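Numbering (the numbering used here), first residue to last: 88 to 194. Backbone N, C-alpha and C fix where the C-beta goes; we use that ideal spot for every residue, glycine too. Only a predicted model underlies this, so the values are computations on that prediction, with no experimental measurement involved. This report concerns only the one structure given below.
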């Protein structure tokens with residue numbers, strides 16, 4: 088669609104957005120496609136809102152709740168080390184419901 092609307096032959100984007108994500112998806116046109124790799128590798132910041140004690144079949148808010156536990160006794164002191172583990176560079180195994188492809192096919 089962008090190619091048709093812009094009339095540019097070369098069009099590229101810097102990543103993918105989750106269907107429920109909000110934010111900016113940079114689109115590069117023409118010679119600008121040369122900088123796509125720099126946009127992808129740039130620092131990203133994420134914000135999240137979580138509900139403690141809930142598990143879903145898709146590991147996100149869009150899934151069916153499969154388990155619910157009382158989280159009212161979790162203190163801020165207990166929560167802080169867990170939250171700190173999500174800061175900095177982390178490696179995550181993508182869930183089966185992700186946009187990751189294997190051998191050209193979605194999982």
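Taking the Cβ atoms as the reference, residue 111 lies roughly 16 Å from residue 98, outside the contact range of under 8 Å. In this structure, the CA atom of residue 136 is about 32 Å from the CA atom of residue 191.
DSSP, reduced to helix, strand and coil, places residue 112 outside both helices and strands of the structure shown, so it counts as coil.
DSSP places residue 187 in no beta strand (DSSP E); its state is neither H nor E. In the structure shown, residue 132 adopts coil according to DSSP, grouped into three states.
Cβ-Cβ distances below 7 Å link residue 161 to 139 in the same chain, with the five nearest sequence neighbours on each side left out; the list follows chain order.
Residue 146 is a Cβ neighbour of residue 182, given a cutoff of 7 Å.
Distance from residue 143 to residue 153 at the Cβ level is roughly 6 Å; contact confirmed, criterion being Cβ atoms closer than 8 Å.
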